[in-house]
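Protein chains in written order, with the working numbering: chain A, 7 to 171; chain B, 7 to 171; chain C, 7 to 171; chain D, 7 to 171.
We put the beta carbon where it would ideally sit given N, CA and C, even for glycine.
Protein chains: 4
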Amino acid sequence: MAQRTHRIVIGVMGPASCDPGTAAAARAIGRGIAERGAVLLTGGRSGVMEAATQGAREGGGLTVGVLPGASPTETPPNPFVDVALFTGLGEARNWVNVCASDAVIAVGGGFGTLSEIALALKARKPVVLLGSWRLEIEGTVPNLPRAETPEEAVATAFALIAPSL
Amino acid sequence: MAQRTHRIVIGVMGPASCDPGTAAAARAIGRGIAERGAVLLTGGRSGVMEAATQGAREGGGLTVGVLPGASPTETPPNPFVDVALFTGLGEARNWVNVCASDAVIAVGGGFGTLSEIALALKARKPVVLLGSWRLEIEGTVPNLPRAETPEEAVATAFALIAPSL
Amino acid sequence: MAQRTHRIVIGVMGPASCDPGTAAAARAIGRGIAERGAVLLTGGRSGVMEAATQGAREGGGLTVGVLPGASPTETPPNPFVDVALFTGLGEARNWVNVCASDAVIAVGGGFGTLSEIALALKARKPVVLLGSWRLEIEGTVPNLPRAETPEEAVATAFALIAPSL
Amino acid sequence: MAQRTHRIVIGVMGPASCDPGTAAAARAIGRGIAERGAVLLTGGRSGVMEAATQGAREGGGLTVGVLPGASPTETPPNPFVDVALFTGLGEARNWVNVCASDAVIAVGGGFGTLSEIALALKARKPVVLLGSWRLEIEGTVPNLPRAETPEEAVATAFALIAPSL
């Protein structure tokens, strides 16, 4: 592959509704991503997605929302999204979220978020979890990076993609 | 909605490689689905998908494989698939697997399977687990039906869709 | 590629509403596909799709409908569809229609049909046109097989896929 | 719908290889889109896509490339793409291109471009053609806006979306 010329994109995945503590964490993560110069990608909706997008805006960054609907009437983006990518794909857009991100940070729960964690692992993309799902299969727990703070989540995500850039 | 005229479809999701015990369970599940007159849908590949498809064939049923690649050259279907639906969607086809199934039975692990469990829950589709993922978030475990035997998995899947037919 | 074991699938693409003559042609095409032992794939809805599906049923064949919606509530299949594959992908399911078909027969007009002709050509799939779009670019007309009758459309489609089987 | 807060996105669709005259037109269109303050969206690859993206960069605009592959290894973006959205959807990403654009300008030929014209018409999105496909069905020619110059193409696209903003 030739030298990379496109910008780093970090995806923040999380549910469309969340408690204030989770929203504050998502906002700090969005801000941190922007301050490090990367583009923030989310699902473009409310809750964790909106909080992260608001934070990235506050950090001076560019925000992309990848929406499930085919138009703003079907799925309106939150007011902090700069570029709203309506996909018309429903939840298949979760696969786009993962492919389009250099690393994924999952904040909080929700089944959509769980699908994005799983798809990211399937695509061998770096995933960092903050207060999100714990997984176990037949006594085995996948060794996923878990962060305790927003700062740690952002630092870990960038550290995990660094070698491939 | 008018009276239903299309056939019942049960999706069996599982990894492309598995141990003999898991394969035997998947095969029994495929056979049970066929014997109850439903169409079996899988991802069309090897491992759990192939074993379930083989079982459904043995049970005299119709087998559909929903493949990630755009052609048999990219992703060859297993030899028991009757109708191979090449999607050219990569792992976004997991969303199709879920939408196209009246109920989903997840057998064994794998991250693709985990994404299908999550997408099914997101779509409010019945999901039955056999030897598959255990999930937990902040001390809460989603109350998902777990089967101990292939027979129980099949019976539970049909019981869960029955009310909506 | 190993010897092919899955069934031949012929896609019939056309608009969701059409005049009686076009419907009769689509029905004859569906019947012809079934009588030659192939699976009929359509978009699963009304108009040309329904007529072709009805014909294939009358010919004793298996009918697959690939629907844009995520559920029968969103996009109900026509009553002749055996296997309804809800995709939840909107019009992106047109790409699935093309990838899943060994050859495509386009009957009549409509912009969705035009997209399927274009996607089939992009995927280098055989396409046969019956009373469908004429295309021209800068004085050049792509050399696409056009049929005058349903029988010719079916015969041409099978002839074009034969070499690759 | 609440007041729009996300940026205007204009999609420029065209083939991955083209003659110098077509490239010059695409470049002027990209520049014009950027100078009017909108985001340029393309398929992210070479030919018309690259020329339009280069023009938008020169005009000081933001450029988004929606790629068919799941990674830069599969489908490298051209060097003028700021935000590369790898979709892993193959040509199903053409549906995303259309949904994500407020208006589409088609430059030159190619079957992928034709599919995007068709999908845009299906989605009732404004489409402007410059040196692109001519369509006809049973003696009827869809009344699509055709531009003679890059400036006219850009002006027409903005005029067509203006009422909906």
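Is the Cβ-Cβ distance between residue i and residue j less than 9 Å?
i, j, result
"D/V113", "D/I16", "no"
"B/T119", "B/V72", "no"
"A/N103", "A/M19", "yes"
"D/D88", "D/A44", "no"
"C/V175", "C/I14", "Because chain C spans 7 through 171 in this model, residue 175 of chain C falls outside it and cannot be assessed."
"C/A106", "B/A90", "yes"
"D/G115", "D/P74", "no"
"A/F117", "B/L125", "yes"
"C/L141", "D/L46", "no"
"A/V70", "D/V110", "no"
"D/G94", "D/S77", "yes"
"D/S121", "C/S23", "no"
Among all the DSSP beta bridges, which residues are the ones paired with residue i?
i, result
"C/G71", "C/T48, C/A90"
"D/G17", "D/L47, D/V110"
"D/R152", "D/L135"
Considering only C-alpha positions, which residue in the set the options is nearest to residue i?
i, options, result
"D/P26", "D/S52, D/A44, D/K131", "D/S52"
"C/P148", "C/I123, C/I167, C/E157, C/G49", "C/I123"
"B/V174", "B/P156, B/E56, B/T11, B/N100", "Because chain B is modelled from 7 through 171, residue 174 of chain B falls outside the range shown and cannot be assessed."
"D/E154", "D/T146, D/G66, D/R42, D/G137", "D/G137"
"B/T81", "B/T69, B/E97, B/G66, B/L68", "B/E97"
"D/P21", "D/L127, D/T79, D/A58, D/A129", "D/A58"
"A/T11", "D/R63, D/A30, D/T11", "D/R63"
"D/T28", "D/T162, D/E56, D/L95, D/L47", "D/E56"
"B/A163", "B/P132, B/T146, B/L150", "B/P132"
"D/R130", "D/T146, D/E158, D/L166", "D/L166"
"B/E144", "A/T146, A/G145, A/W139", "A/W139"
"A/G61", "A/L150, A/T79, A/R37", "A/R37"
"A/Q9", "D/E41, D/F86, D/L127", "D/F86"
"C/E41", "C/S23, C/N100, C/L68", "C/L68"
Does residue i come out as helix, strand or coil in the three-state DSSP assignment?
i, result
"A/R140", "strand"
"B/T146", "strand"
"A/S121", "helix"
"C/L95", "coil"
"A/N100", "helix"
"D/C105", "helix"
"A/T5", "Residue 5 of chain A is absent from the structure shown; chain A starts at 7 and stops at 171."
"B/L171", "Any answer about B/L171 is weak, because its pLDDT of 48 lies below 50 and its placement is not dependable; what the coordinates show is given next. Of the three classes helix, strand and coil, the one that applies to B/L171 here is coil, per DSSP."
"C/Q60", "helix"
"A/T28", "helix"
"C/Q9", "coil"
"A/G38", "helix"
"D/E157", "helix"
"D/R33", "helix"
"D/A129", "coil"
"B/T79", "coil"
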